[in-house]
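K.L.:
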Amino acid sequence: MMFWRSVVGKLWITILLLVSFVLFILTILLMEFFENFQLDEAEKELTKSGQRIAEIVHLHPDSNEVLQIASRMIGEETKMLVINGDRVTFSTKQTDPNVTSEFLKSDTELVKVFSQQKTVKKEMVLPIDDSGNRNTSAIVVGVPLELNGKYAGIFLYQSLEEMQEATHSTTKFILMAAGVAIILTTIFAFFLSTRINAPLRKMREAAFEVARGKFDTKVPILTQDEIGELAMAFNQMGKQLKFNLNALNQEKEHLASILSSMADGVITFNKDGTILVKNPPAERFLHSWYYEKGFNRDNADTVPSVLMNLFDQTEVMEKEQVEGITLQGHDWTLIVSPLYGNNTIRGAVAIIRDMTEERKLDKLRKDFIANVSHELRTPISMLQGYSEAIIDDIAESEEEKKEMAQVIYEESLRMGRLVNDLLDLGRMEAGHITLNYDSVELNSYLKRIASKFYGLAKEKDIKIVTHMQDEAIRWEFDPDRVEQVLTNLIDNAIRHTPEGGTVEVIQRSDGRQGLIIDVRDSGSGIPEEDLAFVFERFYKADKARTRGRSGTGLGLAIAKNIIDAHHGYITVNSLAEIGTTFTFNLPRKMMGNE
């Protein structure tokens with residue numbers, strides 16, 4: 001069955017049927033042509049012989065002599081008789097009376113020889129042997145003759161058996177030729193089919209290779225005909241397909257990279273809620289959603305109900321829908337836009353934006369304004385109050401006036417420090433900080449900074465200790481900026497350490513992390529809930545914001561920016577009633593650092 005379905009089988013059957021049909025029609029036409037041709041030739045020959053015999057009868061009245069001449073002219077296969085009126089005058093052989101009666105019937109065409117004096121040709125069934133026992137088809141030709149003043153006729157008839165035998169021989173020859181032609185056609189068809197099928201088979205194998213992803217597969221070009229052009233087109237198709245597939249892969253990778261690098265989550269889904277595309281931020285949102293709802297998201301691929309509700313609204317309104325939700329401590333903004341296909345909505349794309357940081361920054365901005373206002377309001381109020389007291393002569397003695405003037409002076413200094421700190425912090429956060437690197441011998445450097453606080457520490461009965469892991473170590477950094485960091489950390493440690501406590505400045509070094517400095521105190525510690533905010537602007541452990549040495553709350557924010565500018569980091573660890581340790585590291589100065 002596979003052979004008949006193949007190209008070779010179909011082409012062979014087609015050519016064979018076509019050739020057989022043509023040969024069949026040609027055989028019928030040839031057989032008809034040969035039969036008619038032989039019949040026409042026999043009629044012409046008999047007519048010519050009859051006319052010559054009629055001339056001989058006119059010239060030779062002797063019947064015996066006419067018979068001898070006629071017998072030599074017509075041969076043994078042809079019979080002749082001359083009918084005068086209703087009797088046979090003479091014939092070449094003994095004639096069956098039935099033949100004569102057939103010739104003389106009034107309803108036959110042969111009567112026209114006598115009545116109309118014209119030559120007549122007709123096929124009849126006549127006895128052909130002497131006994132008259134066997135009849136066969138014969139061709140009869142009648143030629144008019146005037147004999148003894150009467151109209152007569154010369155009738156020549158000849159059996160068609162010889163012509164039929166010749167026709168059969170011709171038919172056998174034609175059939176033999178047709179058989180040979182069919183055999184040759186079969187050989188030719190298989191040869192032609194093989195010539196066509198061989199490159200097609202190679203192209204089929206190459207097509208399967210291309211379908212398996214081997215786009216470099218080439219089809220050999222064996223001919224320069226249409227099949228060769230087809231092979232050339234196939235090779236070009238494979239090359240173009242590889243190019244297009246590479247382009248699609250690049251576009252897919254490009255799109256995947258864009259989606260992966262996007263800060264916003266992206267989910268594309270169908271109308272039935274099946275997710276088509278999602279990026280990592282979207283996966284985090286889905287994980288949070290199904291975690292909060294108590295579902296298992298390991299193998300789930302369905303869109304959250306909140307997005308499907310927005311999609312339903314999108315179908316009704318035919319425009320994007322926006323909604324905000326709070327999930328696992330994060331604020332999310334959901335934007336669902338319709339996707340069209342053939343003028344119908346086939347799905348949607350959801351943009352999931354985490355607004356937590358923006359809202360946190362907005363809160364910090366509002367808190368910053370409140371904190372600045374709070375920090376400025378107190379000294380301004382004191383400046384205003386004491387100034388009014390002086391103007392109104394409330395102070396009776398010079399000593400009281402000096403005390404009031406001293407308070408005004410201290411509050412103005414405090415306001416100046418606050419403004420300077422804000423300006424410094426603003427420049428640092430804007431990236432305008434300039435570092436002047438220098439090689440510093442750390443042992444004397446740290447002891448000098450610690451010595452500045454000996455007086456304050458002595459007043460509070462606090463001990464300041466400096467520990468050096470490597471007393472001969474030198475390091476490159478901006479000494480003024482790092483001194484500002486250490487001053488802030490030591491000052492904070494002293495202010496939050498009770499009497500009899502200890503403040504330690506410890507130098508450590510690590511080949512991987514660089515220079516590490518710890519400022520450790522034995523104070524009250526920082527509450528755990530406040531640890532994440534100690535480096536924010538205006539952070540104060542003193543929630544009541546008492547005056548005195550509570551500071552502006554900008555020191556640690558400035559310290560963090562200075563350490564970040566050195567490409568280091570600063571951290572804090574604290575335990576309640578045990579103490580707090582601030583740690584910062586300074587990596588080795590790399591080429592290009594300023």
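The opening position of the sequence shown corresponds to residue 1 in full-length UniProt numbering, with each subsequent residue numbered one higher.
Cβ coordinates follow ideal geometry from the N, Cα and C atoms, glycine included.
1. Indicate whether Val140 and Lys122 have their beta-carbon atoms separated by less than 8 Å.
2. Ala565 and Phe535 - do their beta-carbons sit closer together than 8 Å?
3. Apart from the five residues just before and just after Phe234, which ones in its own chain have a Cβ nearer than 6 Å to its Cβ?
4. On the DSSP bridge assignment, give the partners of Phe477 in chain order.
5. Taking DSSP as the reference, what is the three-state secondary structure of Gly75?
6. At the level of alpha carbons, what is the spacing between residue 600 and Ala559?
7. Exposed or buried, Ser444, counting other C-beta atoms within 10 Å across all chains shown (16 or more means buried)?
8. For the structure I just gave you, are there three or more beta carbon pairs, one from the region 577-585 and one from the region 462-474, closer than 8 Å?
9. Can you confirm whether the region 172-192 touches the region 44-61 when touching is taken to mean that 3 or more C-beta pairs between the two stretches lie within less than 8 Å?
10. Taking the straight line between their C-alpha atoms, what separation do you get for Glu162 and Phe21?
11. Contact defined as beta carbons within less than 8 Å: I believe Ile15 pairs with Thr185. What is the distance between those atoms, to the nearest angstrom?
12. Under 8 Å between the Cβ atoms of Ile351 and Val266?
13. By DSSP's criteria, Glu323 is part of a beta bridge. Which residues make up the other side?
14. How long is the line joining the alpha carbons of Ala493 and Lys460, rounded to whole angstroms?
15. If you draw a straight line from the C-alpha of Ser451 to the C-alpha of Leu486, how long is it?
16. Beta carbon of Gly525, beta carbon of Ile462: below 8 Å?
17. What whole-angstrom Cβ distance do Phe269 and Gly347 have, given they're in contact under 8 Å?
18. Are Phe302 and Val336 touching if we call contact CB-CB under 8 Å?
19. Which first and last residues belong to the beta strand (DSSP E) in which Ala342 is found?
20. Taking C-beta to C-beta, are Gly153 and Ile53 nearer than 8 Å?
21. Could you pull out every residue in the same chain whose Cβ sits closer than 8 Å to the Cβ of Glu77, ignoring the five residues on either side in sequence?
22. So, helix, strand or coil for Ile578, using DSSP?
23. Taking Trp332 as the reference, which of Thr581, Asn244, Phe243, Asp354 has the closest Cα?
24. Could you tell me the distance, in whole angstroms, from the CA atom of Leu39 to the CA atom of Ser49?
25. Express the C-alpha separation of Leu67 and Phe37 in angstroms, rounding to a whole number.
26. Which term fits Phe173, buried or exposed, when burial requires 16 or more other beta carbons within 10 angstroms of its beta carbon?
27. From this set, Gln469, Val519, Asp480, Glu529, which residue's C-alpha is nearest Ser509's C-alpha?
28. In the DSSP assignment, what are the bridge partners of Gly142?
29. Can you tell me the Cα-Cα spacing of Val572 and Phe215, whole angstroms?
30. If I'm right that Leu288 touches His330 with Cβ under 8 Å, what's the distance once you round it to whole angstroms?
31. Are the beta-carbon atoms of Val503 and Ile464 separated by less than 8 Å?
32. Quick one: grab the DSSP three-state call for Gly265.
33. Under 8 Å by Cβ, that's how I've got residue 607 and Val505 pegged, so tell me the actual separation to the nearest angstrom.
34. Does Asp40 come out as helix, strand or coil in the three-state DSSP assignment?
35. From the DSSP output, in three-state form, read off Ala472 for me.
P.N.:
The answer reads as follows:
1. Yes; because the gap between Cβ atoms is below 8 Å, this pair is in contact.
2. Contact: no.
3. If you ignore the 5 residues before and after Phe234, its C-beta comes within less than 6 Å of the C-beta of Met203, Val219, all in its own chain and listed in chain order.
4. Answer by DSSP bridge pairing, in chain order: Asp438.
5. The answer is coil: DSSP assigns Gly75 none of H, G, I, E or B.
6. Any property of residue 600 remains undetermined from this structure, which presents the chain solely from 1 to 594.
7. Exposed, because fewer than 16 other Cβ atoms sit within 10 Å of the Cβ of Ser444.
8. Contact fails: fewer than three Cβ-Cβ distances are below 8 Å.
9. Taking 8 Å as the limit for Cβ pairs, the verdict is that the region 172-192 does not touch the region 44-61.
10. Rounded to whole angstroms, the separation of the alpha carbons of Phe21 and Glu162 is 29 Å.
11. Approximately 6 Å separates the beta-carbon atoms of Ile15 and Thr185; this is inside 8 Å, confirming the contact.
12. In terms of Cβ geometry, Ile351 and Val266 form a close pair [threshold 8 Å].
13. Answer is Leu334, bridged to Glu323.
14. Looking at the two C-alpha atoms, the distance is approximately 12 Å.
15. Going from the Cα of Ser451 to the Cα of Leu486 covers about 12 Å.
16. For Gly525 and Ile462, no; Cβs fall outside 8 Å.
17. With 8 Å as the limit, Phe269 and Gly347 qualify as a contact, their Cβ atoms being about 6 Å apart.
18. It should be noted that the sequence gives Thr, not Phe, for residue 302. No, the Cβ-Cβ distance between Thr302 and Val336 is not below 8 Å.
19. The identity of residue 342 in the sequence shown is Asn, whereas the question assumes Ala. Boundaries for Asn342: no beta strand (DSSP E) harbours it, and the DSSP string shows neither H nor E there.
20. When the beta-carbon positions are compared, Gly153 and Ile53 stay at least 8 Å from each other.
21. Excluding residues within five positions, the ones whose Cβ falls inside 8 Å are Gln158, Ser159, Glu162.
22. It is coil, neither helix nor strand.
23. If we check each option's Cα against that of Trp332, Asp354 comes out closest.
24. Straight-line measurement puts the Cα of Ser49 at about 15 Å from the Cα of Leu39.
25. Going by the C-alpha atoms only, they are around 29 Å apart.
26. Its Cβ having fewer than 16 others within 10 Å, Phe173 is exposed.
27. Of Gln469, Val519, Asp480, Glu529, the residue nearest in Cα terms is Gln469.
28. Partner(s): Val120, Phe155.
29. If you take the alpha carbons of Val572 and Phe215, they lie about 60 Å apart.
30. In the sequence as displayed, the identity of residue 288 is Ser instead of Leu. Right, the Cβ-Cβ distance comes to about 7 Å (below 8 Å), so this counts as a contact.
31. Yes, they are a contact pair.
32. In the structure shown, the three-state DSSP call for Gly265 is strand.
33. Because the chain here runs from 1 to 594, residue 607 falls outside it and cannot be looked at.
34. Correct three-state label for Asp40: helix.
35. Secondary structure of Ala472 (DSSP, three-state): coil.
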